[in-house]
Amino acid sequence: MTSKYDRKLATSYAMKYALEPNKRYKFYEYVNGNGGDCTNFVSQCLMAGGATMDYNNVRPWWYDGRGKSSICWAVANSLFWYLKTNQKLNRNVIKGLEVEDLSKLEIGDVVFYENYNNSIFHSAIITSFIDEYGIHEPRISQHSYNQINETYVKDYEYKKAHFLKITF
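And the structure:
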């Protein structure tokens with residue numbers, strides 16, 4: 000099934016639920032530096048933009064509507080590799096192409112953060128841009144900590160921000 004990713008719908012959803020989570024979904028608490036709702040929120044945004052559930056046997060991406068989900072739906076490292084693998088295999092589902100050039104990014108694309116142990120630990124969705132001094136800087140909305148249209152540059156330590164251009 001071929002579909003089109005509607006960046007505006009994904010972004011509208013993010014703006015609506017960034018600060019006050021959607022009660023129809025489980026909210027994953029951030030406790031003592033562990034867990035959090037960041038990737039669950041990003042997955043909700045992707046689905047609002049037109050992504051469909053993927054029940055494949057290897058790396059599924061789904062939410063059951065009753066509080067259960069696949070690992071790829073709720074865990075940053077797993078969603079990152081799910082999207083990149085789909086791109087590499089050109090699967091007919093939502094996918095993500097990693098880009099370095101910030102000018103190639105659009106609203107609805109996703110940022111993943113890598114720690115110094117080379118593991119992806121956080122995700123957020125791009126909901127706007129600031130164009131200053133010749134730089135097209137993404138602004139993100141996220142959960143774990145709930146924020147709306149904030150700079151993608153974080154106060155906490157991370158090794159690298161990975162930018163995935165979302166495609167179908």
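The opening position of the sequence shown corresponds to residue 0 in numbering that gives the first Met the number 0, with each subsequent residue numbered one higher. For each residue, glycine too, the CB sits at the ideal point set by N, CA and C. Note that the structure is a prediction, hence the values are computed from the model and not measured.
Starting from residue i, follow the alpha helix (DSSP H) in both directions and report where the run begins and ends.
i	result
I70	70-73
Which two residues bound the contiguous beta strand (DSSP E) that contains residue i?
i	result
E97	94-98
K159	159-166
N148	146-150
E136	134-141
Y112	109-113
In whole angstroms, what separates the C-alpha of residue i from that of residue j?
i	j	result
M0	W60	Below a pLDDT of 50, predicted positions are generally treated as unreliable, and M0, at 43, falls in that range; the measurement from the model is reported next regardless. In a straight line, the C-alpha of M0 is about 16 Å away from that of W60.
Y29	A17	15 Å
Y12	M46	10 Å
A108	R6	One point to set straight first is that residue 108 is Asp, not Ala, in the sequence displayed. Each residue's alpha carbon lies about 8 Å from the other.
E19	S127	19 Å
A75	N85	15 Å
If contacts are defined as beta-carbon pairs under 8 Å, then residue i and residue j qualify, I think. What distance do you get, rounded to the angstrom?
i	j	result
C37	Q141	6 Å
T166	K94	5 Å
### Query
What are the complete alpha helix (DSSP H) segments, minimum 4 residues, inside the stretch 9-71?
37-47
### Query
Is the number of C-beta pairs between the stretch 116-127 and the stretch 136-151 that are closer than 8 Å three or more?
yes
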